[in-house]
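My numbering applies: residue 177 is where the sequence shown begins, and numbers increase by one. The C-beta atom is built at its ideal place from N, Cα and C for all residues, glycine as well. Taking it in order: structure first as structure tokens, then the write-up.
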Amino acid sequence: MIDLLYSEVEEELRASVRSLLSDRVDHSRLEGPEPVDLKLWRTLAADLGCSGLPVAESAGGAGASWRETAVVMEELGRFVAPVPFLGSAVLSVAALPSGDPLLRDLATGARTATLAVPLSTSDSPSWTVAASGAALSGSVTTVADALTADVFLVPTAAGLFAAEAADVSRTPVVSLDLTRPVADLAFDGAPARLVAPDAAPLVGRALLAGAALLASEQLGIAEWCLATTVEYAKTRRQFARQIGSYQAIKHRLADLWVAATQARAVARYAADCLANDDSDLPVAASLAQAFCSPLAVKAAEECVQLHGGIGFTWEHPAHWYLKRARANAIALGSAARHRALLADLVDLPA
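Here it is, written out as structure tokens:
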């Protein structure tokens with residue numbers, strides 16, 4: 177039975193993560209040479225145990241589920257936190273077989289990893305890296321969380337391999353979203369360990385998990401933008417009136433609230449399907465991306481516009497949310513791509 181409500185444990189986890197992020201997220205560091213906050217990541221991953229929530233306790237994890245991971249993703253979106261959670265705690269954990277030794281290191285926060293596929297990938301891509309024995313050659317463009325990863329999970333026609341980051345050439349790519357930097361990877365005879373002989377099902381599972389949980393991050397972005405804009409509309413005065421008293425403002429915010437409420441149900445459904453290995457997961461993940469992705473962009477745009485002049489300045493954090501929402505709109509497949517996937521899944525005629 178699908179449960180869209182948050183459990184008491186999930187709300188307690190949310191409170192802990194929100195308390196940490198409210199104290200530690202510093203957007204001023206994003207303009208510096210190292211935008212990713214690895215100290216915050218270690219606290220989130222190791223001290224709070226968020227990097228191994230869906231991993232069994234016997235493998236070093238928390239023994240929870242992907243539902244709890246979705247709650248963390250919501251809060252990371254709410255604070256646009258610059259941590260490599262998507263690459264390491266979602267894509268890599270979902271791609272690794274349950275008995276792989278690297279899984280324990282990721283679950284405990286001892287190491288970080290990311291899946292070596294372009295960030296825009298929505299389904300199993302054509303492999304651009306080839307394996308010759310235990311050596312990898314080729315390249316992959318725009319890989320998320322690549323600059324801070326200790327290990328790369330590399331799909332090839334010969335299977336899924338794990339390559340140490342020290343053996344891989346990484347070239348930073350200018351990204352719209354500085355809170356989630358990307359890089360191009362080049363493999364020139366890099367030594368690697370075979371993780372599994374067939375990469376396609378593992379990569380497919382990871383991309384489904386990523387799309388499903390990215391919707392929760394997009395929900396967090398939308399909710400922050402809505403709450404911040406409503407609070408501003410209550411206090412900002414023009415022509416001797418609060419701007420929130422004007423119908424044009426009221427109606428835009430009301431429409432955004434309705435859409436955010438619907439998005440919460442869609443994102444929670446996707447997370448629950450993932451947690452329970454439900455056969456409806458492909459439909460739920462594509463539906464979540466088709467709905468939540470444009471909503472996050474819309475909410476961020478409304479936040480900037482309804483804040484007026486201050487919303488267009490670097491001093492206000494709204495631009496970080498707009499950049500994250502825009503970058504997420506093409507991450508793991510655009511909304512248009514997921515609508516096309518959804519049409520195939522439910523047998524809509526061309």
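If contact is defined by three or more beta carbon pairs under 8 Å, each pair taking one atom from either stretch, is the region 266 to 286 in contact with the region 215 to 226? Yes: at least three Cβ pairs fall under 8 Å.
Using alpha carbons as the reference points, say which of Asp454, Asp326, Ala435, Leu402 lies closest to Arg381. Out of Asp454, Asp326, Ala435, Leu402, Asp454 has the C-alpha closest to the C-alpha of Arg381.
On the DSSP bridge assignment, give the partners of Val131 in chain order. No information on residue 131 is available, as it lies outside the stretch 177 to 526 that the chain covers here.
Just the Cα atoms here: how many angstroms apart are Ala391 and Thr411? Rounded to whole angstroms, the gap between the alpha carbons of Ala391 and Thr411 is 31 Å.
Which full runs of the alpha helix (DSSP H) of 4+ residues lie inside the region 454 to 498, going along the chain? Assignment of alpha helix (DSSP H) within the region 454 to 498, counting only whole runs of 4 or more residues, yields 457 to 482 in chain order.
So, does the region 262 to 269 touch the region 304 to 312, judging by three or more C-beta pairs under 8 Å? The region 262 to 269 is not in contact with the region 304 to 312.
Nearest to Ala464 (by Cα), restricted to the options Ala320, Gln438, Arg194: Residue Gln438 is the option with its Cα nearest to Ala464.
Does the Cβ of Trp217 have 16 or more other Cβ atoms within 10 Å, making it buried, or fewer, making it exposed? Result: buried.
Per DSSP, which one or two residues make a beta bridge with Arg346? Per DSSP, Leu361.
Determine, using beta carbons only, whether Ala235 and Leu279 come nearer to each other than 7 Å. Their beta carbons are under 7 Å apart, which means Ala235 touches Leu279 by this criterion.
Buried or exposed: where does Val434 fall if 16 or more other Cβ atoms within 10 Å of its Cβ makes it buried? Exposed is the call here.
Helix, strand or coil at Val379 according to DSSP, with G and I counted as helix: DSSP, reduced to helix, strand and coil, places Val379 within a helical segment of the structure shown.
Is the separation between the beta-carbon of Ile397 and that of Gly263 shorter than 7 Å? No.
How big is the Cα-Cα spacing for Thr404 and His483? Each residue's Cα considered, the two are about 9 Å apart.
Stretch pair the region 439 to 449 + the region 239 to 248: three plus CB contacts closer than 8 Å: They touch, by the three-pair rule.
Which term fits His427, buried or exposed, when burial requires 16 or more other beta carbons within 10 angstroms of its beta carbon? Its Cβ having fewer than 16 others within 10 Å, His427 is exposed.
Per the contact definition of three or more C-beta pairs closer than 8 Å, is the region 496 to 515 in contact with the region 469 to 483? Touching, per the Cβ criterion.
Between Cys226 and Val248, how many whole angstroms is the CB-CB distance? I'm expecting something under 8 Å. Val248 and Cys226 do touch by the CB rule: their CB atoms are close to 5 Å apart, below 8 Å.
Expected contact under 8 Å - CB spacing of Leu180 and Ala441 to nearest Å: Contact holds; Cβ gap of about 6 Å.
Roughly how many angstroms separate the alpha carbons of Leu229 and Gly386, rounded to a whole number? CA-to-CA, the gap between Leu229 and Gly386 works out to about 15 Å.
Give the secondary structure of Ala338 by DSSP, where H, G and I count as helix, E and B as strand, and everything else as coil. If DSSP states are grouped into helix, strand and coil, Ala338 belongs with the strands.
C-alpha gap between Trp303 and Ala333, whole angstroms: The alpha-carbon of Trp303 is positioned some 7 Å away from that of Ala333.
Cβ pair Gly509, Ser300 closer than 7 Å: Inclusion of Gly509 and Ser300 in the CB contact set at 7 Å is not warranted, their separation being larger than that value.
Status (buried if at least 16 other CB within 10 Å, exposed otherwise) for Glu250: Looking at its Cβ environment, which holds 16 or more other Cβ atoms inside 10 Å, Glu250 is buried.
Ala322 versus Leu312 - alpha carbon distance: In this model, Ala322 and Leu312 are separated by some 17 Å (Cα to Cα).
Between the Cα of Pro277 and the Cα atoms of Thr318, Val327, Leu471, Val293, which residue gives the shortest distance? Per the Cα distances, Val327.
Taking 8 Å as the limit between beta carbons, can you name the residues of its chain near Pro470, skipping five residues before and five after? Closer than 8 Å at Cβ, skipping near neighbours: Ala505, Ala511.
Since Ser195 sits in a beta bridge, which residues does DSSP pair it with? Residue pairing from DSSP leaves Ser195 without any beta-bridge partner.
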